[in-house]
Structures are given as C-alpha cells and as structure tokens.
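Asks:
In the numbering used here, the protein residues as written are 102 to 519.
#1: Between the C-alpha atoms of residue 483 and residue 172, what's the straight-line distance to the nearest angstrom?
#2: Can you look up residue 114 in the DSSP assignment and give me helix, strand or coil?
#3: Pick out whichever of 155, 142, 243 and 327 has its Cα sitting closest to the Cα of residue 446.
#4: Under 8 Å, do residue 269 and residue 229 count as touching if we go by C-beta distance?
#5: Between the region 378-398 and the region 205-224, do at least 3 Cβ pairs fall closer than 8 Å?
#6: On the three-pair Cβ rule with 8 Å, is the region 441-458 touching the region 158-169?
#7: If you compare alpha carbons, which of 186, 499, 140 and 342 is closest to residue 403?
#8: Quick check: the region 122-132 against the region 256-273, are there 3 or more CB pairs under 8 Å?
#9: Hey, residue 139 and residue 149 are a contact pair by Cβ (cut 8 Å); roughly how many whole angstroms apart?
#10: Which one of 349, 497 and 371 has the shortest CA to CA distance from residue 466?
#11: Of all the options 477, 260, 430 and 239, which has the alpha carbon lying nearest to the alpha carbon of residue 324?
#12: To the nearest angstrom, how far is it from the Cα of residue 280 to the Cα of residue 488?
#13: Give the C-beta separation of residue 291 and residue 443 to the nearest angstrom, bearing in mind that I take them to be a contact with Cβ-Cβ under 8 Å.
#14: Taking the continuous alpha helix (DSSP H) assigned at residue 174, which residues delimit it?
#15: On the CB-based measure, 16 or more other CB atoms within 10 Å of its CB, does residue 352 come out buried or exposed?
#16: What is the DSSP secondary structure of residue 512, counted as helix, strand or coil?
#17: Does the separation of the CB atoms of residue 528 and residue 366 fall below 8 Å?
#18: For residue 194, I'd like the list of residues in its chain whose CB is within less than 6 Å of its CB, leaving aside the five on either flank, ordered along the chain.
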C-alpha cells in the first residue's frame, strides 16, 4: 500500500481524484436516469436509447480536437470550463424539471453537449495526471482512477433510481452539484498545468491531429493497441449484452439479473485495489496479453449454463484483471510519451478504442436472434480468442517491461513529421 500512501500525500492528485470521483458518480446517476426519463416523456424505447447514444456521440466526436486543445492551452482551465459546462447544462435540466418545462429536445441537447464536455475533459485530465504524479506512481494513480469508475458504476444506478423515485429532476440537481465540486477542487491544484510552450507559428488543428496520429502509429506497441482495442471492446461488450439478454429472455427476475452488474462492479473495485501489486510484478506486455485472454475460458460456462449466479461469477472473474490492464497500459503510455503530445495521444487512443462500441448491441442482437444464446456465446468465444491473438503474436507487446524499466525508456522521443 506504499503507493497509495504516497499518493494520499500528493495534494494535487488528491484534489483532482476526489473532484472526478464525485463528478463521475453524478454522471453515472444521470446516465442511469436519461433512458428512464426519456421513455417517460415519449413511451418510445428508441427515444430512450437516443439520449445515451447522443452523449456517446458527443464524447467520441470531441476527443480528437480536445487532444489538440490539451496540448495547446492551460489544462486546468480546459478542465474547469468542461466542469462549468456540466454545472450549467445539468442545472438547466433541474430548473426545467422544477418549472414543469422539461422536454425531449432539451434532454437530448444536454446529453449531446455533456458528452462533448466529457470528451474535452478527458485528454486534459490525463495530461494533468502526468504532470502532478511521478512516473513511478503512475500505475497506482491510474489504478485509483479505475477504482473510481467502478465505484461510480456500482453506486450510480441505485442512487439514480432512489433520486428519480423521489422527484424526476432531482438526479440532475445531484449531477450539477457534482460538477460544481469538480470545478471548485480543480481550482485548488497548485501545479502549473500549462501546455508546453510551442515553438514556431501556430499550426492548424488538423495538422496537430495528424501529428498525434503519426506519432501513435510510429510506436509499435501503440500501433498494435490501435488495432486490438476497438476489436476487443466490440466482442467483450457484445458478450455482456448477450449474457444479460439471455437472462431477460429466460424470465429471470430483475433482482437476480442485477446481481450480474453488482458482481462486475465489485470485481472491478477489487481488481483496481490489487492492480498496483499486479502491475509491479508482471511485465506490462504480458499483462496486456493476460487481459486479452481473460474471458476466453469463461465462455465455456457462459455458453453451457444460463443462470444468474454463473453469469455473475464468470463476468466477475473476467473483469478482475481489467483495471490492472487498463492502468498498466495507460501508465506506460503516459510515461513514455513527450508532454507536448500527451493530449493528442490520449485522445487518439480513446477515440479508436471506443469507435466500435456502438456496434456491440447490434452484433449481440444479430447473434442472439440468429443462433440462440448458447451458440452466440460460442461464436463470441471464438472471436474473443482470435482477437486475443493480436497482442499475443506481437513481439513488440511481449517486449514491454515492468514499470521499473519504464523510466529508462521515458526519454522524449522525436516526433515524426510529414
């Protein structure tokens, strides 16, 4: 626990982490409530899905230009603008709810714009973490970030349901307050989070985006991740959709189906607690490979037994390594990337990683309706194994060492030019 104690004494990381933990909890509440309120307003399942889809669209669409901004402007200011936008947008929903003027277009516009604000925040936060956290503490810092995501996911749904049951606009008050907390705490960061001073004339944003893409593609490990991450996100998310939909089809009560989400959340939290220990002892490349294969053997019980306890146990076990894998890869990426490219590298990796996720429900639905539950799981098992071969067969992935060797590699690399 030495790493956790060290970070607890790191004032700037602590206020950043607390602010984002509160903000992510508020966002988790809103994401749970969006489809409920949209369905209440319209009675349409399609409209209920539209709010979350627009939020995701705004987030992904903002990432690449946000990466350029994070490498050009003061990162604290960019994060505070994003948090301030969240206060105003969710506050507008709360006011509309109190006055009885809440409408579907208003809800959808807020979903889109808050997605853009989230996309703008993410690269700046990653760059800020690199500035305020020493390289040797990055795995622990990113493990804590993984933990906050799982805690928000675990607590957000029941809290959102409780607030929504009290008054439909109350969840948006809570989210506006959570963004306000983030805004205030960001102002307490003492370290200068200004972007590196650019030399030469200011270039167009598209040139900077292209430079980030070229740099990412020039590093063999990142190049493999660009190919592997969207594919593994697609098949694993499709696996989750099939697992849940099979339980719904077989008529299991919602309380038992909720056990699956609870198990996933608890496993993620436990995995995040163990992540620094795992990252410190396993070469990061082999940790990546272990994560790639973690779900493959679990597809056997998932295909053979459609029971809530089996599904919860299998998905929980499969997710345990996920925080360590994400934190390990993320820490390595931050440690070896020049500060002037932090925002663009983060936004590029996140953009590509998330690009195929909207297809996961479509893939799950097609497999489930065309093949049935057991065969759909078998097909997904085969696809998961094929995708896992991508990092496994890469010598560049296998060669990535443990964090103790990262510092030696963390010299500013030359940036490819066109």
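Cβ coordinates follow ideal geometry from the N, Cα and C atoms, glycine included.
For clarity, every value in this text was computed on a predicted model and none was experimentally measured.
Replies: Let me spell this out:
#1: Within the chain shown, residue 483 is the residue found at index 382, counting from 1. Within the chain shown, residue 172 is the residue found at index 71, counting from 1. Rounded to the nearest angstrom, the two C-alpha atoms are 40 Å apart.
#2: Here residue 114 refers to the residue found at position 13 when the chain shown is read from its first residue. The answer is helix: DSSP assigns residue 114 an H, G or I state.
#3: What you label residue 446 is simply residue 345 of the chain shown in a count that begins at 1. Distances from the alpha-carbon of residue 446 to those of 155, 142, 243 and 327 put 327 closest.
#4: For this step, residue 269 is matched to residue 168 along the chain shown. For this step, residue 229 is matched to residue 128 along the chain shown. Not closer than 8 Å, so no.
#5: Flag = no, the region 378-398 and the region 205-224 do not touch.
#6: The answer is yes - the region 158-169 touches the region 441-458, with three or more Cβ pairs under 8 Å.
#7: Looking up residue 403 in the chain shown gives position 302. Residue 342 is the option with its Cα nearest to residue 403.
#8: Note that the region 122-132 touches the region 256-273; at least 3 beta-carbon pairs, one per stretch, sit closer than 8 Å.
#9: Here residue 139 refers to the residue found at position 38 of the chain shown. Here residue 149 refers to the residue found at position 48 of the chain shown. Correct: roughly 5 Å between the Cβ atoms.
#10: Taking the first residue of the chain shown as position 1, residue 466 is located at position 365. Distance from the Cα of residue 466 is smallest, within the candidate group 349, 497 and 371, for 349.
#11: Working through the chain shown from its first residue, we reach residue 324 at position 223. Comparing Cα positions, the closest option is 430.
#12: For the purposes of this step, residue 280 is taken as residue 179 along the chain shown, with counting starting at 1. For the purposes of this step, residue 488 is taken as residue 387 along the chain shown, with counting starting at 1. Between residue 280 and residue 488, the alpha-carbon positions lie close to 38 Å from each other.
#13: The residue you call residue 291 lines up with position 190 of the chain shown. The residue you call residue 443 lines up with position 342 of the chain shown. With a contact defined as Cβ atoms closer than 8 Å, residue 291 and residue 443 miss out at about 19 Å.
#14: The residue you call residue 174 lines up with position 73 of the chain shown. Taken as a continuous stretch (DSSP letters only), residue 174 belongs to no alpha helix (DSSP H), as it is neither H nor E.
#15: Reading the chain shown from its first residue, position 251 is the one you call residue 352. With fewer than 16 other Cβ atoms within 10 Å, it is exposed.
#16: What you label residue 512 is simply residue 411 of the chain shown in a count that begins at 1. Here residue 512 scores only 44 on pLDDT, less than 50, and its place in the model is too uncertain to base an answer on.
#17: Look at the range of the chain in this structure, 102 to 519, and you will see that residue 528 is not part of it.
#18: By one-based count along the chain shown, residue 194 stands at place 93. Correct list, in chain order: 211 and 273.
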